[in-house]
Each structure stands twice: as C-alpha cells, then as structure tokens.
Amino acid sequence: MNQPEPATARQKSDRAFNITLTTVVLQVGCFTPVIILGGLFLGLWLDRVFGKSPLFTIVFILASMPVALVVLFAIVRAATKRLKLETKQNSVEGGK
0 MNQPEPATAR
10 QKSDRAFNIT
20 LTTVVLQVGC
30 FTPVIILGGL
40 FLGLWLDRVF
50 GKSPLFTIVF
60 ILASMPVALV
70 VLFAIVRAAT
80 KRLKLETKQN
90 SVEGGK
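Residue numbering for the sequence shown is 0 to 95, as defined by numbering that gives the first Met the number 0.
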C-alpha cells in the first residue's frame with residue numbers, strides 16, 4: 000500500500016500561512032459590515048429619538064468607516080504577529 004509521505008516543514012509553513020490568510024479574510028469580511036451596519040442602526044435610532052432625520056445616520060455611517068479600517072489594521076497586525084511567531088518556531092524546529 001502507498002503510505003502518504005509526511006509533510007515537510009515547507010508544506011506545514013505554507014498550510015499555516017494559508018489558514019492565517021483565510022482567517023484574516025473571513026474576519027475582515029464579517030467585522031466590516033457589522034461595524035458599518037451598527038453605525039447605520041445606531042444613527043437611525045438616534046435620529047428617531049431626537050427627531051434629527053438624517054443627521055445622526057450620516058454621521059455614524061461616516062464615523063464607522065474609519066473605525067472599520069482601524070479594526071482591519073488590528074486584525075492584520077495580529078495575524079502578521081502570529082505568522083512571524085509560527086515562522087520563527089518552524090525555523091527553530093527545522094534547525095534541530
């Protein structure tokens with residue numbers, strides 16, 4: 000019978016990199032609309048409470064966009080740190 004060959008360090012590294020990229024894309028794809036929709040609904044609610052028809056909605060939608068960008072950069076920074084740590088661990092294990 001054919002036995003599958005054990006994964007090399009390079010294959011493990013590529014797999015970890017691909018999983019991290021997929022995680023980043025999914026997180027950004029989920030958090031960005033949630034933040035913008037949160038700004039929309041908060042603005043609509045405040046407009047209804049204070050009777051200032053489009054004011055709060057526009058302000059909160061515009062304000063939610065930079066917040067979404069900050070969250071995006073935080074997610075990418077955390078993923079980059081995780082990748083660097085995994086790469087460092089793989090290089091240490093490979094050197095043994």
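Glycine is no exception: its CB is placed at the ideal position from the N, C-alpha and C atoms.
{"query": "State the DSSP-derived secondary structure class of G50, mapped to helix, strand or coil.", "result": "coil"}
{"query": "Roughly how many angstroms separate the alpha carbons of R47 and K80, rounded to a whole number?", "result": "43 Å"}
{"query": "Determine whether the beta carbon atoms of I60 and I34 lie at a separation below 8 Å.", "result": "no"}
{"query": "How big is the Cα-Cα spacing for V58 and T22?", "result": "31 Å"}
{"query": "State buried or exposed for G28, treating a residue as buried only when at least 16 other CB atoms are found within 10 Å of its CB.", "result": "exposed"}
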